[in-house]
Amino acid sequence: MKIAIAAETDPGEPRVAATPDTVKKFVALGAEVAVEQGAGIKSGILDEDYKTAGAAVGSNVCDGADVVLRVRRPSEAELKSYKKGAAVIAIMDPYGNEAALKAMAGAGVIAFAMELMPRITRAQSMDVLSSQANLAGYRAVIDGSSEYGRALPMMMTAAGTVPAAKVFVMGVGVAGLQAIATARRLGAIVTATDVRPAVKEQVQSLGAKFIAVEDDEFKQAETAGGYAKEMSKEYQAKQAALVAEHIKKQDIVITTALIPGRPAPKLVSKDMVASMRPGSVLVDLAVERGGNVDGAKAGQVVEVNGVKIVGHNNMAGRLAASASALYSKNLLTFLETMIDKTTKALAINWDDEIVKGTALTRDGAVIHPNFAPKSAA
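Per the numbering used here, residue 25 is the first one in the sequence shown, and the count goes up by one each step.
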């Protein structure tokens, strides 16, 4: 079995799908591993590091590979070199990208979308959304503090006292929880909000204060899978009024709210931005999905009346070495479940719920029920 580690062609993607540690483990499983030349440079990994781990390093490594590991979905041009029946595993970004799914189906590859991993106990170590969001939440605080012109912790000095910064985290998933923890470690006064009642206790356990309209709708605002439900217009209006009053007093606001398959919900209006003091900072982690903050621009830091809105793309990629280390372990754990330990060959169990949940294409067709044509589904 040949496993290929492709170099990312997107100039904005510094991560890589394997590290020397995961390469060693693939080799120990009986695989032949080939890494594209320069694939790990932006994550601080040299070609020599991969060679020492047992991989071959060269060009066109995906030709004839049984498995191709990537960070991002392959382009149509890249697919031309992949053999039919090859398993391609990556963050596929399938929502709204029907043409790309059709191209992968047409190329005859078996495409797996890591971000569709079922949220079950057995798959926790394969959950790329969690591993990458954790780093994004941390980085959001670091980027927010670097744009903020004051210190975060309270400082008592002979020259006077510096007050602690106030940080408000909107959306308490994995990224939000890490943002709360990081801001608290840096000495900020932290508050947080979310539409899911279950996270209130988590927020308080990290030493932050929970802010929300806690009515009957709020108490039922979570899906069976643990995601936030979209709230009614009435609830959104009440929550917006509460947030609008709270946000005026904040120094750094971090927004993390995403709904799978939908544009990011707008949480911070232009009026809210205008109400903040000059020197305040907003960090929008949902900017690539349209943004939670009105006025946020993907890939830019914009300033509105002295308030900065940070909209960096690929926040996890801003910590490329750490992100690649975690992502590559997610891939290793996932792929291990599909390797026959006796024959050392790829043996996909199509009845496994992890496979069913992540498989996008097979035998020339889009097979995932969320994306397959209605007649096929």
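In this text, a Cβ means the ideal position worked out from N, Cα and C, and glycines have one as well.
Straight-line Cα distance separating residue j from residue i
| i | j | result |
| --- | --- | --- |
| A288 | R146 | 29 Å |
| A401 | I378 | With a pLDDT of only 45 at A401, under the threshold of 50, the placement of this residue in the model should not be trusted; the figure read from the coordinates follows. Distance between the alpha carbons of A401 and I378 is about 18 Å. |
| A322 | V311 | 5 Å |
| P38 | I113 | 17 Å |
| A110 | M25 | 11 Å |
| S155 | A344 | 12 Å |
| S105 | I29 | 14 Å |
| V219 | Q274 | 20 Å |
| P35 | R97 | 14 Å |
| V81 | I65 | 13 Å |
| P142 | R163 | 26 Å |
| D117 | L282 | 14 Å |
| F136 | D364 | 18 Å |
| L103 | A124 | 10 Å |
| F234 | R209 | 18 Å |
| T279 | V331 | 15 Å |
| A212 | V191 | 6 Å |
| T366 | T357 | 18 Å |
| T181 | P187 | 11 Å |
| K75 | K257 | 57 Å |
| R301 | K290 | 20 Å |
| D73 | Q148 | 28 Å |
| A369 | G68 | 31 Å |
| V214 | V51 | 46 Å |
| F242 | S229 | 20 Å |
| V91 | D239 | 50 Å |
| S170 | A183 | 23 Å |
| E56 | S348 | 21 Å |
| K126 | A340 | 28 Å |
| M179 | A189 | 11 Å |
| L359 | L140 | 15 Å |
Counted within 10 angstroms of its Cβ, other Cβ atoms place residue i as buried (16 or more) or exposed
| i | result |
| --- | --- |
| N337 | exposed |
| R94 | buried |
| E60 | buried |
| S99 | exposed |
| P44 | buried |
| D387 | exposed |
| H392 | buried |
| L70 | exposed |
| R313 | buried |
| K353 | buried |
| E32 | buried |
| K144 | Sequence inspection shows Ile at residue 144; the Lys mentioned does not correspond to that position. Burial call: exposed. |
| M194 | buried |
| G303 | exposed |
| N373 | exposed |
| T385 | buried |
| G315 | buried |
| A383 | buried |
Cβ distance (whole Å) where residue i is taken to contact residue j below 8 Å
| i | j | result |
| --- | --- | --- |
| L306 | V297 | 7 Å |
| G421 | Y119 | The shown model of the chain, from 25 to 401, leaves out residue 421, and the question about it has no answer. |
| V334 | V325 | 5 Å |
| M150 | I115 | Not a contact, Cβ separation roughly 12 Å. |
| Y351 | A41 | 7 Å |
| A222 | A232 | About 15 Å; that fails the 8 Å criterion. |
Residues near residue i in its chain [Cβ-Cβ closer than 8 Å; skip 5 each side]
| i | result |
| --- | --- |
| S293 | A264, A268, D318 |
| V237 | Y259, K262, Q263, L266 |
| Q226 | V196, L201 |
| D295 | A268 |
| K108 | A131, G132, V133 |
| I121 | The identity of residue 121 in the sequence shown is Asn, whereas the question assumes Ile. Hits under 8 Å: R97. |
| V198 | L153, S154, A157, N158, G161 |
| A58 | K26, I27, A28, I29, A79, A80, V81, G82, V85, A89 |
| G346 | According to the sequence as given, residue 346 is Ser; it is not Gly. These residues qualify, in order along the chain: L159. |
| T46 | S352, K353, L355, L356 |
| D376 | T361 |
| G62 | A31, D71 |
Neighbourhood of residue i by C-beta distance below 6 Å, restricted to the same chain and skipping five residues each side
| i | result |
| --- | --- |
| V165 | A203, T206, A207 |
| G133 | The sequence given here has Val at residue 133, not Gly. Excluding residues within five positions, the ones whose Cβ falls inside 6 Å are Y106, A110, V112. |
| K272 | S299 |
| G16 | Outside the shown range of the chain (25 to 401) lies residue 16, about which nothing can therefore be said. |
Same chain only: Cβ atoms within 7 Å of residue i, ignoring 5 sequence neighbours per side
| i | result |
| --- | --- |
| N84 | S105 |
| G168 | I276, I278, V305, V307, V334 |
| R342 | R163, H336 |
| A23 | A query on residue 23 cannot be resolved here, the shown segment of the chain reaching from 25 to 401 and no further. |
Residue i Cβ short of 7 Å to the ligand NAP heavy atom set
| i | result |
| --- | --- |
| A127 | With respect to the ligand NAP, the structure offers nothing, as it holds no ligand at all. |
Any alpha helix (DSSP H) of 4 or more consecutive residues that is wholly inside the segment 91–116: 100–103
At 4 residues or longer, what runs of the alpha helix (DSSP H) sit wholly inside the segment 205–271? 223–229, 240–243, 257–271
What residue ranges within the segment 330–397 form continuous alpha helix (DSSP H) runs of no fewer than 4 residues, ordered along the chain? 344–360, 377–382
Restricting to runs no shorter than 3 residues, where is the beta strand (DSSP E) found entirely within the segment 133–172? 134–137
In the segment 28–103, which residue ranges form an unbroken alpha helix (DSSP H) of at least 4 residues, counting only runs that do not cross its ends? 44–52, 71–77, 100–103
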